[in-house]
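Using this note's numbering, you'd call the opening residue of the sequence shown number 3 and step up by one each time.
For reference, the structure is listed below as C-alpha cells.
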Amino acid sequence: MKKIIILLFGIITVIGCTENKKHEKQDTKIQANTSKTWWKEGVLYQIYPQSFKDSDGDGIGDFKGIIEELDYLESLGITMVWMNPFFDSPMIDNGYDVSDYRAIHLLYGTMEDFDTMLAGMEERGIKFVLDVVVNHSSNQHHWFKEASSSRDSKYYNYYHWWPAEKGEPPYRYSIFDPEGAWDYNKATNSYYLHTFAEGQPDLNWENPKLRQEVYDIMKFWAEKGVHGFRMDAFQFASKDTTFPKFPEGHEKDFIKWYGMRPQLHDYLKEMYKEVMEPYDVFAVAEGAGSTLQDAHDIVDEDRYELQTAYHFEYVDMAKEPGSFDLTEFKEIFTKWDKSFAEDGWLAIFLANHDKARIVNRFGNPSPEFRTVSAQLLNTFLLSMRGTPYTYNGDELGMTNIDMPNIDDYVDIEALGNYKKALKINSDMDEFMKILNYSSRENSRTPMQWNDSENAGFTTGNPWKSVNKNYRDINVEAQDKDPNSVLNHFRKMTKLRNDNEVFVYGAYEMLDKHNKQVYAYTRTLDNKKVLVLLNFSDQESEISLEEIKQVETTLINNYSSFTSTDSKVTLKPYQAVVMTLKK
Ligand code: GLC
C-alpha cells in the first residue's frame, strides 16, 4: 500500500511489462533498424530552464542564461535540446500547468530572447524540442476560467465534467491530489476531472475544437522554428468518458484504466496530418502505454502517429535505496530493444526532471566511485540503440541532495505523496527515507558551473539550494580535467556522432546471467563493437569468446584493463568500448 502511494509515477509504469504476441521477437534473428533520420541519429540533452543558468540575479534560470551557455551546449556534442515548459503559468507544478501556450513566462525572458536562443542553437546544429502539456491546462487558462463560469460557455466542453445532479462522481485516483481527481465547481454545479493537481484540469480530447486549438498552438511553435514536440502525459489524453465505476485496486494498472483508449490513435493520426507531416517535425510521447504492443501502436513507422516514445519501465527501476538489480536492468533494456529491432524507435534514458540522479540510483555516489560510475552510466546511455536523452547535470555526475525533512520540500508531487502517506498511516520514517532518495527535487537543484558562490548559477538567491558538493562537481573544474565525467561524456557523444554503428547497429546482450557486468555488442555492416560495463564496486570478471576478436579500445574510463585470452577483469565501475574483428 505504502509503495503505491509514494511512487506515483511508479504506479503508472510498473504495469508495463505484459509481453505481446506480435512483437515478441526474443528468438528471431537480430536486425539493424536502418531507416535513417536525424532524430534517430540525434543526442538529446534535457534542460530544466529554472535551474540551468540565471542571467539577471533573480535566482531563477532564464533564456539569457541559456544563451550564455550555448557554446557549452555545442561543446557537449549534443544535437537536440528538449526544454521543460517555460510558458505562462501559475507554477503550481513548475510550469506543467500552462495558462497561455503562446506566451513566455516573465521569469524566463521574452519571446525575443526565445528567438535568439533558438537561433543560437540552430547555428550550432542543435534542434529544439518543445514540451507540449496538453493532457491538461492550468485552471488559470482562459479556457478553464470561462468553462468554469457557466455550462453555456463555449469552453465548457474543453474539459471533463460530471454534472452534480447525477450525484457524486465515481472515484478517480489523482496523481497529485490526496482527495482524488474530481473537484466541485459551484458556478457550473459540476465536478471537473484532474488526473494531476486540482489546478491542472484535464482537457477533453473528444472535442474536435479543443484538438484544433492544440494543433494551432503546435503550428505556432513549428512556424517559429522548433523541430520537435514532447507530448507530456499524453497517454492519459484519451479516457473512458462514460466514467464507469472502476473495480477496487484498479490503480495498480493505472494506464489501462486512466488512459490509452483506442481513440488516442485517431487523435495522433490527426495530429500527424495537421502538424508533423506538413511542418516536418517529430514528436516523442511521454509514456508508451502498458505493453510493448501499446508502444508499437504509437511509434511504428507505418502508423503515422508519433515518431518515438519513452516508456517508463526503464526509469521505474531502483525506486528505493539498494533496490537496483543489474540482471533486471539488462533484461528490461534487452526486451525493449528486441521488440523494436525492426519497427519503431524509442528513446534511451535513465533520468529526467521527474526522477532522482542517476549516480545515486544506478551508480555509486561515494567520492571513490562517483566519477567512474557516472562515466559508466553515460557510456551505457550513449552506446545503446535508441535516441539517448541526457538530463542536465548528468554529464557532470551531479548527485542527489540530502533532504530528510518534509518542510524543505516544495514539489507538488512530494507534498501530495506525503499527505497520502499520512492519510493511510504509513510508517513516516520509512516514507521520508524513500522520498529523500527518490524525490524529483534531487534532480532539480541548480546546475553547477564553477566553485564560486551558488556554483555560478546565480548572483542572487537561488530558487532551490545548490547541492553542497558544487566545489567538487562543477563544469569549470571538469572542463580542465581530461579524466572528468564531462570529458568522458564528450568522448562518448563524439564516438556516437562519428559512428553509425552506435545509432543503427543491432544490439546483442552477452552473458546475460552475469550479475556484475553488462556486456553487449552493436553490429552494423562490417563494424562490430563490444561494450563492457562493470556495474559493481568490486573487480569483476567476464569470459567471452568475443574478447579474442578485440581490435582497438575506443573508450576506457581507467588507464588500462586486464585481459587474458577470453577473460577480462574489470575494475570497479570500469566501462570499456572496443572494436572487434568481424
Ligand atoms: C509529466 C511531467 C511532470 C509533470 C506531469 C504533469 O509527467 O514530466 O513533471 O508533473 O506531467 O504535467
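Every residue gets a Cβ at the ideal spot worked out from N, C-alpha and C, and that includes glycine.
Inter-residue Cα distance where the pair is residue i and residue j
i: Asn366; j: Leu546; result: 26 Å
i: Lys27; j: Ser341; result: With a pLDDT of 37 at Lys27, under the threshold of 50, the predicted position of this residue should be treated as unreliable, and no value is reported.
i: Asn559; j: Val374; result: 7 Å
i: Asn362; j: Ile436; result: 12 Å
i: Phe504; j: Glu43; result: 9 Å
i: Gln551; j: Met494; result: 22 Å
i: Tyr161; j: Leu270; result: 19 Å
i: Ser428; j: Asn438; result: 16 Å
i: Gly395; j: Asn380; result: 12 Å
i: Leu384; j: Glu114; result: 34 Å
i: Phe256; j: Phe178; result: 14 Å
i: Asp474; j: Gly458; result: 13 Å
i: Tyr520; j: Lys211; result: 50 Å
i: Asn499; j: Ala479; result: 25 Å
i: Ala290; j: Phe236; result: 9 Å
i: Phe314; j: Lys332; result: 15 Å
i: Asp64; j: Val83; result: 15 Å
i: Trp223; j: Ser486; result: 37 Å
i: Ser325; j: Phe364; result: 9 Å
i: Glu344; j: Gly169; result: 50 Å
i: Gly399; j: Met119; result: 26 Å
i: Thr389; j: Pro51; result: 21 Å
i: Pro369; j: Ser538; result: 15 Å
Three-state secondary structure (DSSP) of residue i
i: His196; result: coil
i: Glu344; result: coil
i: Gly44; result: coil
i: Met386; result: coil
i: Pro51; result: helix
i: Ala353; result: coil
i: Lys5; result: Low local confidence applies: a pLDDT of 38 at Lys5 is under 50, so the model's placement there is unreliable, with the coordinate-based value given in what follows. Helix at Lys5.
i: Val579; result: strand
i: Asn187; result: strand
i: Ala149; result: helix
i: Arg213; result: helix
i: Ile257; result: helix
i: Met278; result: helix
i: Val412; result: coil
i: Tyr161; result: strand
i: Gly102; result: Checking the sequence shown, residue 102 turns out to be Asp, not Gly. If DSSP states are grouped into helix, strand and coil, Asp102 belongs with the strands.
i: Glu322; result: coil
i: Val83; result: strand
i: Gln33; result: With a pLDDT of 48 at Gln33, under the threshold of 50, the predicted position of this residue should be treated as unreliable, though the coordinate-derived value follows. Correct three-state label for Gln33: coil.
i: His138; result: strand
i: Ala2; result: There is simply no residue 2 to check, as the chain begins at 3 and stops at 584 in what is shown.
i: Ala311; result: strand
i: Lys332; result: helix
i: Asp73; result: helix
i: Lys435; result: helix
i: Gln28; result: Low local confidence applies: a pLDDT of 36 at Gln28 is under 50, so the model's placement there is unreliable, with the coordinate-based value given in what follows. Coil.
i: Leu108; result: coil
i: Ser292; result: coil
i: Asp179; result: coil
i: Tyr269; result: helix
Residue i Cβ short of 6 Å to the ligand GLC heavy atom set
i: Asp234; result: yes
i: Phe433; result: no
i: Phe364; result: no
i: Phe198; result: yes
i: Asp327; result: no
i: Asp413; result: no
i: Tyr98; result: yes
i: Asp296; result: no
i: Asp204; result: no
i: Asp95; result: yes
i: Asp356; result: yes
My parser needs the alpha helix (DSSP H) runs of 4 or more residues fully inside the stretch 449 to 506; what are they? The qualifying runs are 477 to 482, 487 to 500 and 503 to 506.
In chain order, what are the residue ranges of uninterrupted beta strand (DSSP E) at least 3 long that sit wholly in the stretch 509 to 557? Listed in chain order, they are 519 to 526, 529 to 536 and 542 to 545.
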